[in-house]
Every structure is written in structure tokens, then in C-alpha cells.
Amino acid sequence: MKTIYTLAALALFGIASAQTTTSVSNFKNLAVNGDVHVTLIKSSENKLVITADDDEVQVDQENDMLSISGDGHVTLYYKNIETLAASEDCVVTGKDVITGKLFTLVASSDARVTLEMKTDKLNTVATEDAVVTLTGSVKEHTVAIQSDAVLKASGLETDVTSVTASSDAHAAVKAKKVINALADSDAVIEIHGNPEKINNTTDSDGVIKKA
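The sequence shown maps to residues -18 to -1, 1 to 193 in mature numbering (1 follows the signal peptide of the UniProt record, and there is no 0).
Right, here's the structure in full:
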């Protein structure tokens, strides 16, 4: 079943913004794109509080996928999230720790994502000038970053991190036990902490260095 909500901020009695609250069905996958700012808050219910300034925010839900796009500010109260895809200049900020066994994050096209994590496994993909900031702790972190993207994960405690960076990307990572690092095509990987073992490979002017 597919549900589409279109919420527009309309000028009313001289007020150029409006706030709308709406409930959404259970979901576990979230996609955000456009000039929208989304704040994530852990809750016992799923709902959206949307503030738009003379612009439209669209929410599209299909099964367990919730998509938010447009131009405005959205506070998303959620029960559970397992994947996040952020793109096209959006800003996504988590106010609470995201927990679970596995979380997948994909950021692209100038998206800005800031999250605190506590999961067993975390998969992070960042491309096309996206900037991802991660804190918290995970057991295993797998990273693929390219095309001028930036990963700021020196504040994310991990046991094992495997990171591949290419095409001028920059990644800062941290691990206690093992870091597997591959830097290619002018990418830079900064290693924080004191991992027991570092396996590194560089090619085409890639750089791997201890911070």
C-alpha cells in the first residue's frame, strides 16, 4: 500500500509558515532528499512534525520505506530505523542514539548526516561531497567513501573497521582491534586510537596516516 502526503506551508493572516503533525505507519527504511532538514527522535510512536516556509514538503510511504523530500524542517519521531539514504543537500541529525544489530547509511550529493550509533554492525557509504559525522560505538564498521566525501568517525568507537577511500575522499576512523584501510586516487584515511593491527594499502597517491 502506498500513501502520499503533501504538506504545504501557506501564508495565512500574514504568517508565512505553518506546522503540521501527522502520523505514519511503521517503517524501518528512511530516504531523505532535497533542501530539507530532518531531526530524528526516538519515540514510542511514528509521527512527523513539519514546519515549512512557503514551500512544500512531501512524505511518501510505501510498505516499510518512508521518503521525505522538499524544502522545510521536519522532526521525525520513530520507533525503529535500520537504513538511511540521504541525498541532494539534505541535512539529517539524530537527537538520540540509534540502536540495533545492523544499520546501513548511504549519503550522497552534498548531504550532511550526524548520528550517534550503538549497533553490532554499521555499513557506511558516502559519495559526491557528502559529509557524515558519527559518534557512539559499534562492533564492526564497514566504510566505502569516494568522490570528495568526508567521514568524521574519530568519535565512533569500534572493534574492527574496514575502510576503502578513493577519488579525493577523506575518512577519519577509530578501532581498538583491527583497521583494514585502502586509500586510492588522492584519498586520505586518518587512523585514530591505537588499534592492535593495521592492514593498509595505498595506490595512486592515496594516503593512510596515524592522527
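Idealized CB from N, CA, C, for every residue including glycine. Since we're looking at a predicted model, the values are computed, not measured.
ask   = Are Glu64 and Phe85 close, meaning C-beta to C-beta below 8 Å?
value = Between Glu64 and Phe85, the CB-CB gap stays under 8 Å.
query = Which first and last residues belong to the beta strand (DSSP E) in which Gly82 is found?
reply = It spans 80 to 89 - the beta strand (DSSP E) in which Gly82 sits, taken as one unbroken run.
query = Which first and last residues belong to the beta strand (DSSP E) in which Gln43 is found?
reply = For Gln43, the enclosing beta strand (DSSP E) has its first and last residue at 38 to 44.
query = By how many angstroms is the C-alpha of Val107 removed from the C-alpha of Ala147?
reply = Whole-angstrom Cα-Cα distance: 10 Å.
ask   = If you draw a straight line from the C-alpha of Val79 to the C-alpha of Gly137, how long is it?
value = Rounded to the nearest angstrom, the two C-alpha atoms are 14 Å apart.
Which listed residue (Gln128, Glu122, Ala153) has its alpha carbon closest to that of Ala135 = Out of Gln128, Glu122, Ala153, Ala153 has the C-alpha closest to the C-alpha of Ala135.
message = If you follow the beta strand (DSSP E) that Val125 is in, where does it begin and where does it stop?
response = Boundaries of the beta strand (DSSP E) around Val125: 113 to 127.
inquiry  = Please classify Thr189 as buried or exposed, where buried requires at least 16 neighbouring CB atoms within 10 angstroms.
reply    = According to the sequence as given, residue 189 is Val; it is not Thr. Val189 is exposed by the Cβ-count criterion.
query = Is the stretch 57 to 74 close to the stretch 20 to 27, with three or more CB pairs under 8 Å?
reply = Yes: at least three Cβ pairs fall under 8 Å.
ask   = Which two residues bound the contiguous beta strand (DSSP E) that contains Gly76?
value = For Gly76, the enclosing beta strand (DSSP E) covers residues 73 to 76.
task = With DSSP collapsed to three states, give me the class of Gly16.
result = Judged by DSSP in its simplified three-state form, Gly16 adopts strand.
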